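33 is the number of the first residue of the sequence shown in the numbering used here; add one for each residue after it. Where is the CB? At the ideal position from N, CA and C, for every residue including glycine. Remember, predicted model here, so these are calculated numbers, not experimental data. First up is the structure itself, then whatever we jot down about it.
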Amino acid sequence: MAELIARGSISCQRCGITRRERVCPKCGYDACLIRISFKSKRLRIYHDKNGIALSFSMAFQALTQINKEIKDRTFNINDWLQPAILENKFKNKYAVWIRQKTIEAEAGRFSHETLKLYQSYKKNHYGPLYEIDVRDIELSHLQELVNGLTGLSEKYIKNIVDCLKTFYKWLNKWERVRLPIFPDIEITTGETQRAISYEEQIEAIEHFPAEHQDIMLFIRETGLRVSEGCALQVRDIDLSGARALIQRTYSGYRLVERTKGKHKKWIPLSKRAMGIAQKYATGRFGAEFLFINPSTGRGYKPAYLRDLWAAYGIKGLKLYEATRHSTITDWSKNASAFQVKDLARHGDIRTSQKYVHNAMTDLREIVDRDNVVQLQSNIKLK
Numbered sequence: 033m034a035e036l037i038a039r040g041s042i043s044c045q046r047c048g049i050t051r052r053e054r055v056c057p058k059c060g061y062d063a064c065l066i067r068i069s070f071k072s073k074r075l076r077i078y079h080d081k082n083g084i085a086l087s088f089s090m091a092f093q094a095l096t097q098i099n100k101e102i103k104d105r106t107f108n109i110n111d112w113l114q115p116a117i118l119e120n121k122f123k124n125k126y127a128v129w130i131r132q133k134t135i136e137a138e139a140g141r142f143s144h145e146t147l148k149l150y151q152s153y154k155k156n157h158y159g160p161l162y163e164i165d166v167r168d169i170e171l172s173h174l175q176e177l178v179n180g181l182t183g184l185s186e187k188y189i190k191n192i193v194d195c196l197k198t199f200y201k202w203l204n205k206w207e208r209v210r211l212p213i214f215p216d217i218e219i220t221t222g223e224t225q226r227a228i229s230y231e232e233q234i235e236a237i238e239h240f241p242a243e244h245q246d247i248m249l250f251i252r253e254t255g256l257r258v259s260e261g262c263a264l265q266v267r268d269i270d271l272s273g274a275r276a277l278i279q280r281t282y283s284g285y286r287l288v289e290r291t292k293g294k295h296k297k298w299i300p301l302s303k304r305a306m307g308i309a310q311k312y313a314t315g316r317f318g319a320e321f322l323f324i325n326p327s328t329g330r331g332y333k334p335a336y337l338r339d340l341w342a343a344y345g346i347k348g349l350k351l352y353e354a355t356r357h358s359t360i361t362d363w364s365k366n367a368s369a370f371q372v373k374d375l376a377r378h379g380d381i382r383t384s385q386k387y388v389h390n391a392m393t394d395l396r397e398i399v400d401r402d403n404v405v406q407l408q409s410n411i412k413l414k
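Rendered as structure tokens:
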């Protein structure tokens, strides 16, 4: 008998230990896999030639047959890895999903940056799932995957698991693959964002080279995301109405004709923002970028402004915190949650409520700081 199985071994599909019993003595799992080296390649076989998962007795019979085929020089791994079996391996199904997401990204319906993350998760973290049939993946496989994600933040691990959930929802919708139970990932330490005062914002921007200050001041005044400020075009500015249409953004280095919330929305311009808009939009038309980087002669890219912030900004403070987050925090001192929601274009009122300290004033008065100061002065006089 030993001669018949001179090559290869039988292992547990779940925990991987060598099996000599019908049921794994370590984890109690039934299904087996065959490990075998052939032509300098390490192969794993999970099913017989009919695509049926291997029990211990089936694995023994299959391994005996494989050794005979190797001896007879008739062994072909494709006889054991049929197209249907190959197709349903995690690595192959995930590749199909990524191709679909790539199509959506090229059509502007999905973020290129999120696509890059999904691709990196497969390359860097999903290796233990590669050879498993997506229909066979259980909580135990996923928990082992999570247990192996050492040295990563809780939030990053949660993102990795959330990506798998999204992948399986797609499988469930299009191929009716059963949704596995996923490990619970709890975020015990949330990242606290820091806001600075209006005066600190202006002081920080004044440290920038003069030719780059206007775009930073405009982003500060409007509370735009940095990527939205860079994506503004001349046609988005309505000078007569003192407003700007926010309808595109950057995803990495790609300009996409939608914002994070996927809505086109007008925002009012403060007097300072209006002055900057007039300076750059007057006499210009169409799809030209409102702000041109004098260092490149082209529109600004978000990464360029982040590099400037790293060089001239406040150390330990992110550019997002210094601009959008701090501006919305400043607005919230004199606005209701609904007003902040409109100005910041939040998708959920609960996000706005986190900022708000109450007040009922006109939106234009909120963004014009001289009006805010006047309101505060009037209150003191009473």
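Checklist entry - Taking the alpha-carbon positions, what's the F214 to K197 distance? => result 8 Å
Item to check | Member of F142, I130, A139 whose CA lies at the smallest distance from the CA of Y150 | outcome: I130
Item to check | Meets three-Cβ-pair contact criterion under 8 Å: the region 352-360 and the region 291-308 | outcome: Cβ pair count under 8 Å is below three, so no.
Next on the checklist: Which complete beta strand (DSSP E) runs does the region 295-328 hold, if anything under 3 residues is left out?
Outcome noted: 297-300
Item to check | Reference C47, options N124, I164, I346, closest by Cα | outcome: By alpha-carbon distance to C47, the top candidate from N124, I164, I346 is I164.
Next on the checklist: For E232 and Q385, what's the separation of their Cα atoms in angstroms?
Outcome noted: 24 Å
Item to check | Expected contact under 8 Å - CB spacing of R226 and L375 to nearest Å | outcome: Their Cβ separation, rounded to whole angstroms, is 21 Å, which puts R226 and L375 out of contact at 8 Å.
Checklist entry - Under three-state DSSP, which class holds Q245? => result In the structure shown, Q245 sits in a helix (DSSP, three-state: H, G or I).
Next on the checklist: Using 8 Å for Cβ pairs, my map puts M90 next to D80. What's the rounded Cβ distance?
Outcome noted: 6 Å
Item to check | Extent of the continuous alpha helix (DSSP H) to which L113 belongs | outcome: Note, L113: premise wrong, no alpha helix (DSSP H); not H, not E.
Item to check | Element boundaries [beta strand (DSSP E), containing K73] | outcome: 73-77
Checklist entry - How do the region 245-265 and the region 274-282 stand: do at least 3 beta-carbon pairs fall below 8 Å, yes or no? => result yes
Checklist entry - Considering only C-alpha positions, which residue in the set H244, L147, T96 is nearest to G329? => result H244 is the residue among H244, L147, T96 whose C-alpha sits nearest the C-alpha of G329.
Checklist entry - In the region 141-215, which residue ranges form an unbroken alpha helix (DSSP H) of at least 4 residues, counting only runs that do not cross its ends? => result 144-156, 171-179, 186-207
Checklist entry - Just to confirm, does Q265 get its C-beta within under 7 Å of one of the non-hydrogen atoms of the ligand MG? => result The ligand MG is absent from the structure shown, which contains no ligands of any kind.
Next on the checklist: A236 and G345 - do their beta-carbons sit closer together than 8 Å?
Outcome noted: yes
Checklist entry - In this structure, does DSSP put Q225 in helix, strand or coil? => result Reduced to three states, the DSSP call for Q225 is coil.
Item to check | 8 Å contact criterion, which V166 and V209 should meet: CB distance rounded | outcome: Contact holds; Cβ gap of about 6 Å.
Item to check | Presumed contact (8 Å Cβ cut-off) between G140 and V288, rounded CB distance | outcome: 6 Å
Checklist entry - Going straight from the alpha carbon of K100 to that of Q132, what length do you get? => result 42 Å
Next on the checklist: Suppose the cutoff is 8 Å on Cβ atoms and the five residues either side in sequence are ignored; what does the same chain contact list for A309 look like?
Outcome noted: Result list for A309: F250, I269, L271, A276, L301, L322, in chain order.
Checklist entry - On the three-state DSSP scale, how would you describe F92? => result helix
Checklist entry - Per DSSP, what kind of secondary structure is Y282 in: helix, strand or coil? => result strand
Checklist entry - What's the C-alpha gap between I135 and C195? => result 18 Å
Next on the checklist: For S41 and R52, I'd like the C-alpha separation in whole angstroms.
Outcome noted: 10 Å
Item to check | 8 Å Cβ shell around F317 - same chain, five flanking residues per side excluded | outcome: V266, R267
Checklist entry - Around the Cβ of P334, are there at least 16 other Cβ atoms within 10 angstroms (buried) or fewer (exposed)? => result It counts as buried.
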